[in-house]
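A.B. asks: One structure is given below, represented as structure tokens, and several questions about it will come after.
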Amino acid sequence: MAARWPFLGSVALAEAHERGDRRETMWLHLSENHYADPVLARLHAFSTLASREPRLRALHPRLSVLTLSFRPTADRRNGPRLPAVIPTPTPDRFTVRTSTHIHDECTAPTALHLVLTDLPT
């Protein structure tokens with residue numbers, strides 16, 4: 005269906021959605037941004053890097069207003085508090101909320117480093 009109607013997103017996104025794979029659907033939604041969502045556009049520099057990291061790809065990304073957070077399962081209520089990324093008004097800059105504090109504004113690679121460092125092993 006996505007091949008016929010490109011506005012629906014990629015074939016990979018449609019297939020992940022049809023399989024019920026919520027994790028993969030959200031990762032593809034973040035990276036493709038086929039609706040031209042302004043929030044996803046602000047997160048693009050970070051989400052592009054994050055989508056290449058196996059430790060993050062294993063997690064379920066969750067978007068709440070401007071905050072991109074991660075969960076070990078699709079259940080929004082349970083599980084440990086993992087790092088979160090918030091885009092700042094400055095393009096391609098982010099603040100990161102970790103288990104210990106909120107970090108100063110930084111670039112996407114630095115934000116990724118902070119998130120990966122704070123993930124449980």
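As numbered in the working numbering, residues 5 to 125 make up the sequence shown, in order.
A virtual CB, placed ideally from N, CA and C, is assigned to each residue, including glycine.
Please read these numbers as outputs of a predicted model, since none were measured by experiment.
Alpha carbon to alpha carbon, how far is P58 from D79? Give it in angstroms, no decimals.
C.D. replies: Roughly 20 Å between the two C-alpha positions.
A.B. asks: So, helix, strand or coil for T125, using DSSP?
C.D. replies: In the structure shown, T125 sits in coil (DSSP, three-state: anything other than H, G, I, E or B).
A.B. asks: May I have the straight-line CA-CA distance separating S129 from P42, to the nearest angstrom?
C.D. replies: Nothing can be reported for residue 129, as the shown portion of the chain is limited to 5 through 125.
A.B. asks: Less than 8 Å between C-beta atoms, sequence neighbours within five positions excluded: which residues of the same chain meet that for A88?
C.D. replies: Taken in chain order, the residues that qualify are T71, L72, S73, F74, V100, R101.
A.B. asks: Identify whether L67 lies in helix, strand or coil by the three-state DSSP scheme.
C.D. replies: Strand, per DSSP.
A.B. asks: Return the CA-CA distance between V119 and E22, expressed in angstroms with no decimal places.
C.D. replies: Each residue's Cα considered, the two are about 30 Å apart.
A.B. asks: If you drop the 5 nearest sequence neighbours on each side, which residues of the same chain put their C-beta closer than 7 Å to that of P91?
C.D. replies: Here the set comprises R46, L47, L70, F98.
A.B. asks: In three-state DSSP terms, what is T94?
C.D. replies: T94 falls in the coil class under three-state DSSP.
A.B. asks: Need the endpoints of the alpha helix (DSSP H) that A45 sits in, please.
C.D. replies: Residues 42-54.
A.B. asks: Excluding the five sequence neighbours on either side, which residues of its own chain have a C-beta within less than 8 Å of the C-beta of P84, listed in chain order?
C.D. replies: Closer than 8 Å at Cβ, skipping near neighbours: P76, P124.
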